[in-house]
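Below: one structure, written as structure tokens.
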Amino acid sequence: MRFGTTDRARSMPDPLVTLQHVTKTFEHEGRPLEVLKGIDLEIERGEMVTIVGPSGAGKSTLLHLIGTLDLPTSGRILYEGKDVTRLGSSDLAEFRNRSIGFVFQFHHLLPEFTALENVMMPGLIQGSRRLEARARRLLDEVGLTDRLTHRPGELSGGEQQRVALARALLMEPKLVLADEPTGNLDSQTSASVQALFFDLNRRHGITFLIVTHSRDFAAMMPRQVSMKDGRIDSDERRAQPLENQGKPT
Amino acid sequence: MTERRPLGFWTAVLCGLGVFQLAAVLAFAATSTLWFQAQLENDLLWVRLVIGWSTIQLSLLLLSVGILQRAARMPRGSRGRARVFGLSAVSAGHAVITTVSVGILLWAARVSTGHVLGGTVASLLFGLTHLVYDELDLDWVPTLYHGATMLQTASAAMLLSLSASCWFLVPLERRQRFWLGFDVALVIAFVVVTAILPLSPTEGDDASLLRAVIRVSVTTVFAVRLALRLVGPLLAAFERIGFRTMIAARHLRAKKTGFLAASGTLSVLAVAVSSCMLISVLSVMGGFRADLTKKILGNNAHIVIDKVYEELSDWEPLLERTRQTEGVIGATPYLQVEVMVSSLSNRGGAILRGIDPDTVSDVTDLAKNMTHGKLEYLKDPGRILDSSVDTTKSGPVDAMMEEAERTAARGLPEGPEEEAMPGLIVGQELARALRLVVGDRVTVVSPRGDLGPSGPIPRTRPFRIAGIFYSGMYEYDMKHAYIDLRTAQRFLRAEGRISGIEVKVDNVEHAPAIASRLVSKLGRDDLRVRDWKQMNQQLFGALALEKLAMFITLGIAILIAGFSVFGTLTLLVQEKRREVGILKAMGTPARGVIRIFIIEGLLIGAAGGLMGLGLGFVLTFAAEHFGIRMNPEVYYIDKLPVHLDPTEFALVGASTVVVCLAATLFPAYQASRVRPVDALRYD
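Shown next as structure tokens:
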């Protein structure tokens, strides 16, 4: 995947992600519960977007839909113009593996594997073992050079979260989705993880979509989408997307 | 004074000895009569036994007392204090009880052989009990000994559970040191026994049997330890194969919650026990079949050529041509009719066969099966009486043939014309029923009589018993009698005619092909050519059916073991739900998840199956080489026949794997249905 200045020269390329009238309804005790009530959203390459809003506004559900972990009840989700809601389950798995990286609040590392193996896992799923050098480099980049053979249980919360971030980046995804990545970290660790996000965005031009409750973190983000009651309440851009600063990875 | 040092190496050793005690007590109790008998004959064995056993028990006693002191120094209320106390106290008690009870046994043996005070220092030490019981009647001894054995078993069982619970109080690193010591000792023992002990015992020698048993036991324990040591490296190697095997192997190696660990162990054991049972039973049934086949082939011809309704005349050219056929290594004519044989005391029906003594050995094992008398006496009946005291090997019939009966049975006056009386060979059971020995006179009544005024009159003729055979098949030993072919032809008014030709071939499996070759070579439509499989079709058919039924019945046991694999995997899937969610979020397709869990189930099944087959191999190997004695009066077989068939091992292994595979399918499918959103949402 290349992020470059040529994109702009082309006549209106498709945005990275486009959501069209996406709704999601859950069945709760026999009654339908409408969590998302028609979302329209576009995310450009290299953007850093944060989604904020009160609990129960549907932020996580939206993130799961964008991450193709779940399918919308109605509406379409397009990646570069292609509708992923129509893909079959194994194509979807492959798409997720190659194009999307996840960072969860509870990091969700595999407890039986070392930090290095956890980072390599998306590559191993593809049956590729040549990604070890890249995994080492990523762990180095997130500052965990000397934690390669530690298991998640032997790492601190911040370290685990950084391993999860390195894992999300292994396959050079187009989009990294983060669900409250600093939700259970202390303020100092949070700050360093947040700095890491910005650094990666600046240096590799990776697109981030981050759900957070942290006001400070949200305030730092160039684009802030706030949700309320299953709808987008406001969509503010504070600065130009940083795509021009992206360089080829 | 108290100390907080963790429990050490010696506690581990005591636990190890404690686990071993129950097996030792049971083995000793099971073989105690054997020891008893062995030491009647062998003074040295007894001394060795006493020294060896006393050394083990004394060291156990010393060790227990040491650990008891150690337990006393542990701080009050510290974890496992009571357990260690219990372990050391019980093992000390056990050592004392065992020493005393073995002393009783050996002393009793000494007393019964009249060696009350004779012996060595060791016998004094362990024969001490005789001072106490010297005044008692010997009848008390067995009761006392059995009481002691029961007490021993109980204390050994307590010791087993206490050892198991104390074992985990010892720190891991010291336990590993114990295993290292154990394994080194085991390797040395294995090398030594492989070098000096025989693998199969020589016939009828208890000492060599014991040595072979020791060798097999040591080799088995060695193999088990080796396999356990290899589990880790094997799983590690397995991890390197690919992504799915990596996840599967890692899941199995990971520490699990208590219930899942127990369930996993149980399912491996269930698979092991059921496959071991299946292969053992199949081997025994195969043994019966092999035994039967051997006996049938030994007593019968491989191919029989005859006519359906009449006898063969002009048979010499046929015999010649048969002998020249490819694959035929022997052929002999016979004439057969049903007769009545009567002795002085009894009478019985028999199938009388006229045989050619010169060529019959080319085809059947009759000459080898003779226990009394000789096959050659048929040709030369005059020699029977010259050597009426048996010169051949003695057989099981000997017990019956007591001297008094022999003289009683031989009641007939022996005139000079008796010299010409032709010889008759009968089976052991018929001889027993008619109370016959070699040299006795019998009358044979043939249905092919002369025509008298009131219809046919049966023809009778006296014969002299020329020999007795034991074929191992009751039917033959009870029903068959042999005479010379020419005598038979005269007696049965069938001069120049025979019933058929018996043929032996070089490879019994080729018998049907050779039979059809014979048909074309002889080129006569009126002849019937049958091979041994055709002739015994019903018998082998019944055996095969029985074996199939056994396979199905015991296969159900494997199926039940499969249920436990199913349960374990379902639990595993529940426990790994979150991880499955992570893997799916990262892009593992559903079929990848299915494969991971199938591999896990197969690994469980393979571990159990290999264990079961290994155990089954040891059991059947031991039964084949050491022999399980059976009562020949009841079963007509003196040893349990066992036949190891590699194909059956492969078949049992394959069916175990298939059952385990089937058991994994549903849990694996369930795992693949886990939705990452559900698995990741709650923590």
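Sequence order for the protein chains is A and B. All residue numbers in the first sequence are consecutive under the numbering used here, ending with 249. All residue numbers in the second sequence are consecutive under the numbering used here, ending with 683. C-beta: ideal position from N, C-alpha, C; glycine also.
Quiz item: Can you find a C-beta in chain A that's less than 8 Å from the C-beta of G93 of chain B?
Solution: It does not: the Cβ of G93 of chain B has no partner Cβ on chain A nearer than 8 Å.
Practice problem: Would you kindly check if the distance between the Cβ of R134 of chain A and the Cβ of L148 of chain A is under 8 Å? | Solution: Not closer than 8 Å, so no.
Practice problem: Specify the secondary structure class of P453 of chain B as computed by DSSP and reduced to three states. | Solution: Correct three-state label for P453 of chain B: coil.
Quiz item: Do the CB positions of L352 of chain B and V444 of chain B come within less than 8 Å of each other?
Solution: Contact: yes.
Quiz item: Taking Cβ to Cβ, would you say I232 of chain A is nearer than 8 Å to L175 of chain A?
Solution: No.
Exercise. Could you pull out every residue in the same chain whose Cβ sits closer than 7 Å to the Cβ of S280 of chain B, ignoring the five residues on either side in sequence?
Key: Same-chain partners within the cutoff: G616, L619 and T620.
Quiz item: Hey, does G127 of chain A have any beta-carbon neighbour from chain B nearer than 8 Å?
Solution: Interface residue (Cβ-Cβ distance to chain B less than 8 Å): G127 of chain A is classified as such.
Practice problem: Taking E579 of chain B as the reference, give the member of B:A679, B:R432 and B:A668 with the closest Cα. | Solution: Nearest option by C-alpha distance: B:A679.
Quiz item: Counting only beta-carbon atoms, is F126 of chain B nearer than 8 Å to chain A?
Solution: Because F126 of chain B carries a pLDDT of 46, less than 50, the predicted location of this residue cannot be relied on, and the following value inherits that uncertainty. Proximity of F126 of chain B to chain A, defined by a Cβ-Cβ separation below 8 Å, is not satisfied.
Exercise. For T149 of chain A, name the three-state secondary structure that DSSP assigns.
Key: Looking at T149 of chain A - three-state DSSP - the assignment turns out to be coil, as it is neither helix nor strand.
Quiz item: Under 8 Å, do L335 of chain B and I498 of chain B count as touching if we go by C-beta distance?
Solution: One thing to note: L335 of chain B has its Cβ within 8 Å of the Cβ of I498 of chain B.
Quiz item: At least one CB of chain B closer than 8 Å to the CB of Q188 of chain A: is that the case?
Solution: Chain B contact via Cβ: absent.
Quiz item: What are the boundary residues of the beta strand (DSSP E) that A248 of chain B is part of?
Solution: For A248 of chain B, there is no enclosing beta strand (DSSP E); the enclosing alpha helix (DSSP H) covers residues F243 to R253.
Quiz item: When burial is assigned at 16 or more other CB atoms within 10 Å of the CB, is Y474 of chain B buried or exposed?
Solution: Exposed is the call here.
Exercise. Measure from the C-beta of L63 of chain A to each C-beta in chain B and report whether the shortest distance is under 8 Å.
Key: Not one chain B Cβ lies under 8 Å of L63 of chain A.
Quiz item: Quick one: any contact between the segment 180–192 of chain B and the segment 579–597 of chain B, if contact means 3 or more CB pairs under 8 Å?
Solution: Taking 8 Å as the limit for Cβ pairs, the verdict is that the segment 579–597 of chain B does not touch the segment 180–192 of chain B.
Quiz item: Should P676 of chain B be flagged as near chain A, meaning a C-beta pair shorter than 8 Å?
Solution: Yes, P676 of chain B counts as interfacial toward chain A.
Quiz item: Between R406 of chain B and A95 of chain B, what straight-line distance do the alpha-carbon atoms span, to the nearest angstrom?
Solution: Low confidence applies here, because R406 of chain B scores a pLDDT of 49, under 50, leaving its location unreliable; read the following figure in that light. Rounded to whole angstroms, the gap between the alpha carbons of R406 of chain B and A95 of chain B is 57 Å.
Self-check item: Cβ-based burial, T553 of chain B [other Cβ within 10 Å; buried from 16]
Solution: By the Cβ-count criterion, T553 of chain B is exposed, with fewer than 16 other Cβ atoms from all chains shown falling within 10 Å of its own Cβ.
Quiz prompt | Separation of P173 of chain A from H204 of chain A, as counted between CA atoms | solution = Separation of H204 of chain A and P173 of chain A (C-alpha to C-alpha, rounded to the nearest whole angstrom) is 11 Å.
Quiz item: Can you find a C-beta in chain B that's less than 8 Å from the C-beta of H213 of chain A?
Solution: By this cut-off, H213 of chain A is not an interface position.
Quiz item: Pick from A:F106, A:D140 and A:T207: whose alpha carbon is nearest that of G157 of chain A?
Solution: When each option's Cα is compared against that of G157 of chain A, the closest is A:F106.
Self-check item: Selection of the segment 579–611 of chain B by Cβ proximity to chain A, strictly under 9 Å
Solution: Of all residues in the segment 579–611 of chain B, the ones placed with a Cβ closer than 9 Å to any Cβ belonging to chain A are E579, G581, I582, L583, K584, A585, M586, G587, T588, P589, A590, R591 and G592, in chain order.
Practice problem: Report the three-state DSSP secondary structure of D365 of chain B (helix, strand or coil). | Solution: Three-state DSSP puts D365 of chain B in coil, outside helix and strand.
Quiz item: Excluding five sequence neighbours on each side, which residues of the same chain lie with their C-beta closer than 6 Å to the C-beta of G119 of chain B?
Solution: Note that G119 of chain B scores a pLDDT of 40, beneath 50, so its modelled location is shaky; the value from the coordinates is reported in the next line. Contacts found: none.
Exercise. Check each candidate in A:L138, A:V103, A:F104 and A:M48 and name the one with the smallest Cα separation from E117 of chain A.
Key: Answer by Cα proximity: A:L138.
Quiz item: Between the segment 210–227 of chain A and the segment 36–50 of chain A, do three or more beta carbon pairs fall short of 8 Å?
Solution: By the Cβ rule, the segment 210–227 of chain A counts as touching the segment 36–50 of chain A, because three or more pairs are nearer than 8 Å.
Practice problem: Please determine, among B:V659, B:P317 and B:I594, the residue with the shortest C-alpha to C-alpha distance to I604 of chain B. | Solution: Measuring from the Cα of I604 of chain B, the nearest candidate turns out to be B:V659.
Exercise. Tell me whether the beta-carbon of L65 of chain A lies closer than 8 Å to the beta-carbon of I77 of chain A.
Key: The answer is yes: Cβ separation under 8 Å.
Self-check item: Residues that L69 of chain A contacts on chain B, provided the C-beta gap is smaller than 7 Å
Solution: Within chain B, the residues near L69 of chain A are A585, P676 and V677.
Exercise. Could you work out which residue in B:R490, B:R70, B:R83 and B:F563 is closest to S460 of chain B when comparing CA atoms only?
Key: First, the residue type needs correcting, since residue 460 of chain B is Thr and not Ser in the sequence shown. The residue with the shortest Cα to Cα distance from T460 of chain B is B:R490.
Quiz item: If you follow the beta strand (DSSP E) that Y476 of chain B is part of, which residue opens it and which one closes it?
Solution: Here Y476 of chain B belongs to no beta strand (DSSP E); instead the alpha helix (DSSP H) covers Y474 to K479.
Self-check item: Member of B:L665, B:V593 and B:P667 whose CA lies at the smallest distance from the CA of A248 of chain B
Solution: Minimum Cα distance to A248 of chain B is reached at B:V593.
Quiz item: If we cut at 8 Å on Cβ distances, does M121 of chain A have a partner in chain B?
Solution: At least one chain B Cβ lies under 8 Å of M121 of chain A.
Quiz item: Is it buried or exposed for H302 of chain B, if we count other Cβ within 10 angstroms and need 16 for buried?
Solution: In the assembly as shown, H302 of chain B is a buried residue. Its beta-carbon has 16 or more other beta-carbons within 10 Å.
Practice problem: Might you give, ordered along the chain, the residues of its own chain that have their beta carbon closer than 6 Å to the beta carbon of A290 of chain B, omitting 5 neighbours on each side? | Solution: Around A290 of chain B: H643.
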